[in-house]
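Reviewing the structure listed below.
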Amino acid sequence: MAQLLDGAGKLGWVLLKSVIRFLFMLCNNCVAIPSYCLYLLLLQPLRIWDSPTFWYIEGVMFKWMLAMVSSWGWIAGYTVTEWGDDVRPITEEEAMVIVNHQSTGDVCTLMMCLQDKGMALQKMMWLMDHVFKYTNFGLVSLIHGDFFIRQGKAYRDKQLVYLKDHLEKYYHNRDRKWIVLFPEGGFLRKRRETSQLFAKKHSLPHLNHVTLPRLGATQVILKTLCAQQENGSVGCETGTPNKTGNKRKGLQWVVDVTIAYPKARPMDIQTWIFGYRPPTITHVHYR
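Going by the working numbering, the first residue of the sequence shown is number 2, and it counts up by one from there.
Right under this line is the structure:
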């Protein structure tokens, strides 16, 4: 009986804590997102008069928004341990960041661990599944200039054309530096079996913890953001002037980010919101 009461008490505390966290985050969103939109609306004359300054201010506020999301995990005891190469020295250079994908919580984990990476977050463009467009953060991402991609064979070719147009229209114009994508094209649990069958058919390595990447978006990014030299190889200068009138160097780095959860149990966005899992250390490796 005592064990039953003890278990009921713990369950009640978890439920109460989850409700409190949900209300806290609801208030966060109700205040922060309209404020972000209102400030940018008031700053529209600056966008016409001095576009680089406008997008710099927008980037600062965007980073604050991501810090708010990061705080949800930090309050619940969800922290990150980083390994591998130090990426801070290249935050002012253009880079393509490729990340393995296990759950919706991967984005939140990235938001947390990139907070101390200089200008990376505020000058970053994200490639996300189109479903995220309809979340509470979708409007912010649309304003920031992130790209929402639809999955599936029926949309593949058109989406790559849309991505190329989007990069040409927004990447240089808004002085973006890092572009983040998940080349696996979906969550590990959904893609693993298909990936393993494809690997077996084509004599490729059998992978359990990651899947074989889709190369379509990666190729579009490399071809669009790096100049083609006379021999057809990818060059380092795009020839596109930046806000100071100098030529941009184009993509200089590919940053490989691997997210690893304890016991291979990924955290989804619901875990970040309700905080029902015990404090967890997620490991992030950079290369």
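The beta-carbon is built from N, C-alpha and C at its ideal position, and this holds for glycine as well. Here the structure is a predicted model, which is why all the values come from computation and not from measurement.
{"Check": "In angstroms with no decimal places, state the Cα-to-Cα distance between residue 261 and residue 284.", "Outcome": "5 Å"}
{"Check": "Using the DSSP secondary-structure output, state which residues sit across from residue 14 in a beta bridge.", "Outcome": "Residue 14 is not bridged to any residue."}
{"Check": "CA-CA distance, residue 106 and residue 270?", "Outcome": "5 Å"}
{"Check": "How long is the line joining the alpha carbons of residue 46 and residue 36, rounded to whole angstroms?", "Outcome": "17 Å"}
{"Check": "Using 10 angstroms around the beta-carbon of residue 31, count the other beta-carbons present and answer buried if the total reaches 16, otherwise exposed.", "Outcome": "exposed"}
{"Check": "Under 8 Å: do the stretch 69-81 and the stretch 103-121 share three or more Cβ pairs, one atom per stretch?", "Outcome": "yes"}
{"Check": "Taking DSSP as the reference, what is the three-state secondary structure of residue 88?", "Outcome": "coil"}
{"Check": "Taking 9 Å as the threshold (C-beta atoms), are residue 131 and residue 188 in contact?", "Outcome": "no"}
{"Check": "Could you name the residues of the same chain whose beta carbon sits closer than 7 Å to that of residue 123, not counting the 5 residues immediately before and after it, in chain order?", "Outcome": "60, 61, 63, 64"}
{"Check": "Only counting runs of 4 or more residues, tell me where the alpha helix (DSSP H) segments fall wholly within the stretch 96-151, in order along the chain.", "Outcome": "106-114, 139-145"}
{"Check": "Put residue 155 into one of helix, strand or coil per three-state DSSP.", "Outcome": "coil"}
{"Check": "If you draw a straight line from the alpha carbon of residue 11 to that of residue 77, how long is it in whole angstroms?", "Outcome": "16 Å"}
{"Check": "For my contact list, residue 178 and residue 93 are in at a C-beta cut-off of 8 Å; report their separation, rounded to the angstrom.", "Outcome": "7 Å"}
{"Check": "Out of curiosity, what's the CA-to-CA distance linking residue 52 and residue 171?", "Outcome": "12 Å"}
{"Check": "List the residues that DSSP assigns as beta-bridge partners of residue 257.", "Outcome": "99"}
{"Check": "Can you say whether residue 149 is buried or exposed, counting buried as having 16 or more other CB atoms within 10 angstroms of its CB?", "Outcome": "buried"}
{"Check": "Starting from the C-beta of residue 232, find all residues in its chain whose C-beta is less than 7 Å away, skip the five residues before and the five after it, and write them out in chain order.", "Outcome": "Since pLDDT at residue 232 reaches only 44, below the 50 mark, its modelled position is unreliable, and the value read off the structure follows with that caveat. Once the five neighbours on either side are set aside, residue 232 has no close Cβ partner at all."}
{"Check": "Given 8 Å as the limit, is there contact between the stretch 85-100 and the stretch 131-143, that is, 3 or more CB pairs closer than that?", "Outcome": "no"}
{"Check": "Judging by CA-CA distance, which residue of 253, 204, 208 is the nearest neighbour of residue 226?", "Outcome": "253"}
{"Check": "Let me confirm a value: residue 274 is counted as buried when at least 16 other C-beta atoms fall within 10 Å, else exposed. Which label applies?", "Outcome": "buried"}
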